[in-house]
Structure formats: structure tokens, C-alpha cells
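**Q**
Residue numbers (the working numbering): 7 to 257.
1. Give the secondary structure of residue 145 by DSSP, where H, G and I count as helix, E and B as strand, and everything else as coil.
2. With DSSP collapsed to three states, give me the class of residue 201.
3. When you compare each of 256, 188, 220 and 229 to residue 242 by their alpha carbons, which one comes out closest?
4. Between the region 203-214 and the region 25-45, are three or more C-beta pairs nearer than 8 Å?
5. With a cut-off of 8 Å, do at least 3 Cβ pairs link the region 213-228 to the region 110-125?
6. To the nearest angstrom, how far is it from the Cα of residue 153 to the Cα of residue 25?
7. Return helix, strand or coil for residue 253, following the three-state DSSP convention.
8. Following the continuous beta strand (DSSP E) through residue 23, name the residue where it begins and the one where it ends.
9. Can you tell me whether residue 155 is buried or exposed? The criterion is at least 16 other CB atoms within 10 Å of its CB, across all chains shown.
10. Within 10 angstroms of its Cβ, does residue 129 collect 16 or more other Cβ (buried), or is it exposed?
11. Are there 16 or more other CB atoms within 10 angstroms of the CB of residue 209, so buried, or fewer, so exposed?
12. What are the partner residues of residue 33, as DSSP defines its beta bridges?
13. So, at 6 Å on beta carbons, what are the nonlocal neighbours of residue 240 in its own chain, with the 5 sequence-adjacent residues on each side left out?
14. Note down the Cα distance separating residue 111 from residue 65, rounded to an integer number of angstroms.
15. Taking residue 84 as part of the alpha helix (DSSP H), name the residues at either end of that continuous run.
16. Could you pull the DSSP bridge partners for residue 194 from this structure?
17. What is the DSSP secondary structure of residue 214, reduced to helix, strand or coil?
18. Going by the CB atoms, is the gap between residue 226 and residue 193 shorter than 7 Å?
19. So, using beta-carbon positions, are residue 55 and residue 67 closer together than 7 Å?
20. For residue 58, which residues in the same chain have their Cβ closer than 7 Å to its Cβ, ignoring the five residues on either side in sequence?
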């Protein structure tokens with residue numbers, strides 16, 4: 007892989023939810039390497055603190071449940087007070103949900119998955135937008151999934167919640183167009199992250215069999231796309247979905 011552009015995030019402040027593992031952790035390292043001050047947000051506060059320690063003295067951690075709007079607002083306020091502002095938000099917190107036939111998905115499981123994957127993305131976007139709009143600059147990247155476009159069997163809640171992220175991103179991007187804030191999302195296929203432990207082997211093989219490049223994606227590969235979308239170099243896209251699927255995406 008190519009090396010990151012040297013110091014392409016100097017002077018910028020980035021918030022990454024789900025930053026303690028997987029795509030979020032890889033993105034935190036990528037942006038910190040580029041010079042950003044990074045706030046690592048995660049439900050596992052201790053893990054978030056450990057990642058922040060890896061990133062150096064300009065990184066902080068906040069333990070937060072993104073499905074709780076009040077907790078998200080408090081976390082964003084905390085970051086703004088400690089780091090001065092927020093220039094970029096990456097919503098990577100997510101859950102795969104249980105691999106279940108639709109008739110076996112309980113109300114509580116449906117709401118749990120939507121609480122993290124959909125509500126959490128909305129709460130975080132809403133919380134950072136006032137400051138970004140006031141300053142006339144911001145980049146938001148929401149992590150959706152190829153499942154949000156195609157729908158995966160045994161994953162009704164996950165697929166629907168990720169489809170909502172795509173629709174939400176389109177709406178918010180248009181809502182703040184012209185303010186200097188750009189809002190986009192990404193749709194990865196199956197990536198080698200700890201979230202795979204939440205899926206059945208049947209589910210993983212279903213996804214892998216549909217990737218023309220015939221392999222899992224790596225978190226660092228996804229982080230490179232996110233880095234571009236959160237940078238000043240990305241200046242003429244909003245409300246869009248960027249695929250990173252090894253060729254699986256067809257639209």
C-alpha cells in the first residue's frame with residue numbers, strides 16, 4: 007500500500023466513533039499519522055483509552071454509548087472543550103446483530119441494531135453539525151455497508167440499518183450543502199475486523215463468495231478511503247456513497 011500523504015491533517019481535529027477497534031481504530035491511526043488530533047470514542051472506554059495512548063499526546067478518549075443521544079451530545083461537548091473544535095467526524099461504531107432468519111428477529115434485537123447503527127449515526131451527525139456550520143468547514147464520513155444496498159440474508163436488521171445510513175447521508179449532505187460541510191458515506195463489503203466474531207460462518211462465506219477479488223478487505227484499506235473523504239483534498243462530493251467492496255458493488 008502507498009504511504010499516507012505527510013501531515014495532510016496538520017491542525018485538524020477528528021472524532022472517530024467505534025475508534026477502539028476495526029475500521030475505527032485503523033482510521034484513528036491513519037488520521038493521527040497525518041497530523042490530526044484525534045478523539046477516540048467507543049462504548050468500551052478502557053479500550054478507547056488504550057488506542058488514544060497508542061496515538062500520542064494529542065489524542066484523547068471518551069467512553070460513550072452512541073445509541074444514547076444525551077451521551078453523544080455530552081461527548082461532543084467534551085471533545086470541543088478539550089480539543090477546541092471538531093473538523094471531521096467518522097461514524098464507525100456499529101454492530102452486526104445476530105445472524106437470524108427474519109421471523110426469529112425479536113423486537114429488542116431489531117431496536118438494538120438500529121440503536122447503534124442508525125440512531126447512533128444520526129445523533130453524532132446532529133451533534134457536530136452546529137459547530138462545523140458555524141466555522142464553515144467540516145467533513146463527515148458515515149460507515150454504511152454493501153448490505154445496505156443489496157441486503158444480506160439472515161441480516162434484516164443490519165441490512166436495513168445500513169440502508170438507513172445511506173439515505174440519511176444523502177439527506178444530511180443536501181441539507182448542509184453550501185455551508186462548507188461535506189457529508190458522505192462508505193459501503194464496505196466484508197472487512198477483516200472483530201465484528202466478524204458476531205456473524206455466523208455461513209454469513210461470512212455468503213459475503214466472501216460475492217467478492218470478485220476473492221478476499222476479505224483490510225481495515226487499513228478502508229481507512230485510506232476515509233482519510234481522503236475527511237481531508238481538504240475532497241472538495242466536490244456530498245451525500246454520496248463510496249464503495250469499497252473488492253468488486254462486489256454493482257451500483
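Every residue, glycine too, gets a C-beta built ideally from N, C-alpha and C. Note that the structure is predicted; figures quoted are calculated from it, not measured.
**A** Result, derived from the coordinates:
1. strand
2. helix
3. 188
4. no
5. no
6. 21 Å
7. coil
8. 19-23
9. buried
10. buried
11. buried
12. DSSP, once it has assigned bridges, lists no residue as partnering residue 33.
13. 234
14. 39 Å
15. 75-89
16. 250
17. helix
18. no
19. yes
20. 46, 65, 66 and 67
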